[in-house]
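Here the sequence shown is numbered in the UniProt record's numbering, starting from 1 and rising by one per residue.
Using N, Cα and C, we set each Cβ at its ideal position, and we do this for glycine too.
Below is one structure, written out as structure tokens; the observations come after it.
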Amino acid sequence: MLCRRRFARQHGTHSQLKAFNLTNGVDICKEDSGGALVCGGRLSGIISFTNTTCNSAWSAVFTRITASSIRSFIRNHTGIYQL
Numbered sequence: 001m002l003c004r005r006r007f008a009r010q011h012g013t014h015s016q017l018k019a020f021n022l023t024n025g026v027d028i029c030k031e032d033s034g035g036a037l038v039c040g041g042r043l044s045g046i047i048s049f050t051n052t053t054c055n056s057a058w059s060a061v062f063t064r065i066t067a068s069s070i071r072s073f074i075r076n077h078t079g080i081y082q083l
């Protein structure tokens, strides 16, 4: 997966991942929380938090929706079972 290779050097936890924009220096802003990280046409993460400057010098933190604890939370609170 291209995104996994691109962001492999960024550290995260089992339920989080970090990513940043490599192309133009503009990145997500704190107001973007809840937005999607899509890799290869699939939802990979949900924006959790980032720095306040909206530039790609700092990575943003995403909730990793593939983590079993996160998938369980989504299922239990939304009733959506096909993720």
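Test item: CB-CB of Thr50 and Gln16 under 8 Å: Numbered from its first residue, the sequence shown carries residue 50 at position 50. Numbered from its first residue, the sequence shown carries residue 16 at position 16. It is not a contact, given that the beta carbons lie outside the stated cut-off.
By DSSP, does Phe73 sit in helix, in strand, or in coil? The count along the sequence shown starts at 1 and reaches residue 73 at position 73. Helix.
If we ignore side chains and look at the alpha-carbon of each, how far apart do Arg42 and Cys54 end up? For the purposes of this step, residue 42 is taken as residue 42 along the sequence shown, with counting starting at 1. For the purposes of this step, residue 54 is taken as residue 54 along the sequence shown, with counting starting at 1. Roughly 24 Å separates the two Cα atoms.
Identify which residue in His14, Val61, Asn21, Arg71 has its Cα closest to the Cα of Ser33. Taking the first residue of the sequence shown as position 1, residue 33 is located at position 33. Of the listed residues, the one whose Cα sits closest to Ser33 is Val61.
Based on the DSSP secondary-structure assignment, which residues constitute the bridge partners of Ala36? In the sequence shown, counting from the first residue as 1, residue 36 sits at position 36. Paired residue(s): Ile46.
Should Leu22 go down as buried or exposed, given a rule of 16 or more other Cβ atoms within 10 Å for buried? One-based indexing of the sequence shown puts residue 22 at position 22. Taking all protein chains shown into account, Leu22 has fewer than 16 neighbouring C-beta atoms within 10 Å of its C-beta and is therefore exposed.
Return the CA-CA distance between Cys29 and Thr52, expressed in angstroms with no decimal places. Indexing the sequence shown from 1 puts residue 29 at position 29. Indexing the sequence shown from 1 puts residue 52 at position 52. Spanning the alpha carbons of Cys29 and Thr52 requires a straight line of approximately 6 Å.
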